[in-house]
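Under the numbering used here, the first residue of the sequence shown carries the number 154, and numbering increases by one thereafter.
Note that the Cβ used here is the ideal one computed from N, Cα and C, for glycine as well.
Here the structure is a predicted model, which means the values were calculated and not measured.
For reference, the structure discussed in these notes is given below.
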Amino acid sequence: MDLSHGFIPLALNASLSALDALAAGDGLRSDDLIAGAIALDLLASQGHYSHTRFNGLMTAVLGLRILATRQSISESQEGRRAATHFAAIVREMQNHLFN
154 MDLSHGFIPL ALNASLSALD ALAAGDGLRS DDLIAGAIAL DLLASQGHYS HTRFNGLMTA
214 VLGLRILATR QSISESQEGR RAATHFAAIV REMQNHLFN
């Protein structure tokens with residue numbers, strides 16, 4: 154399946170930008186985080202990933218949803234650290250898919 158065009162790469166790019174902004178303390182972009190969670194969820198359901206990679210994807214899906222919907226968490230120090238962690242997962246997934 155060619156994933157280089159369409160919703161998934163756009164959503165991953167948008168969520169990565171939102172996570173980087175959140176980690177830097179530049180505010181919350183909930184819609185971009187939700188789009189990223191949907192894209193990762195779609196990838197997890199369509200792909201044949203190792204147990205470890207699948208668990209990482211599902212952890213990121215849940216984390217992005219929490220950061221997007223709970224502003225008190227996302228704007229805390231722990232939320233900014235989590236954004237950095239989830240950004241690493243999204244980057245790794247982009248590298249796996251598109252490189």
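> What are the start and end residues of the alpha helix (DSSP H) that includes Asn208?
Replying inline: Numbered from its first residue, the sequence shown carries residue 208 at position 55. 204-222 is the extent of the alpha helix (DSSP H) around Asn208.
>> One question on the structure: do Ala164 and Ala188 come within less than 7 Å of each other, judged by their Cβ atoms?
In response: By 1-based counting over the sequence shown, the position of residue 164 is 11. By 1-based counting over the sequence shown, the position of residue 188 is 35. Yes; because the gap between Cβ atoms is below 7 Å, this pair is in contact.
>> What does the alpha-carbon distance come out to for the pair His238 and Ser203?
In response: Counting from one through the sequence shown, the residue named residue 238 turns up at place 85. Counting from one through the sequence shown, the residue named residue 203 turns up at place 50. Approximately 20 Å, taken between the alpha carbons.
>> Restricting to runs no shorter than 4 residues, where is the alpha helix (DSSP H) found entirely within the stretch 168-207?
In response: 183-199
> Cβ of Ala190 within 7 Å of Cβ of Val214?
Replying inline: For this step, residue 190 is matched to residue 37 along the sequence shown. For this step, residue 214 is matched to residue 61 along the sequence shown. A contact, by the Cβ cut-off of 7 Å.
> Is it true that the CB of Leu172 sits closer than 7 Å to the CB of Ser227?
Replying inline: Reading the sequence shown from its first residue, position 74 is the one you call residue 227. Reading the sequence shown from its first residue, position 19 is the one you call residue 172. Going by C-beta atoms, Ser227 is not nearer than 7 Å to Leu172.
>> Check for me: the alpha helix (DSSP H) holding Asn248 runs from which residue to which?
In response: For the purposes of this step, residue 248 is identified with residue 95 of the sequence shown, where counting begins at 1. Looking at the DSSP string, the run of the alpha helix (DSSP H) that includes Asn248 is 230-251.
> Applying the criterion that 16 or more other CB atoms from any shown protein chain within 10 Å of the CB defines a buried residue, is Met246 buried or exposed?
Replying inline: Within the sequence shown, the letter at position 93 stands for residue 246. So Met246 counts as buried.
> Quick one: what's got a C-beta closer than 7 Å to Ala174's C-beta in the same chain, skipping five residues either side?
Replying inline: Walking along the sequence shown from the start, residue 174 turns up at place 21. So the list reads Gly180, Arg182, once near-sequence residues are dropped.
>> For Leu220, tell me which candidate among Asp184, Arg244, Phe251 has the shortest Cα-Cα distance.
In response: Position 67 of the sequence shown, counted from the start, is the residue given in the question as residue 220. Closest by alpha carbon: Asp184.
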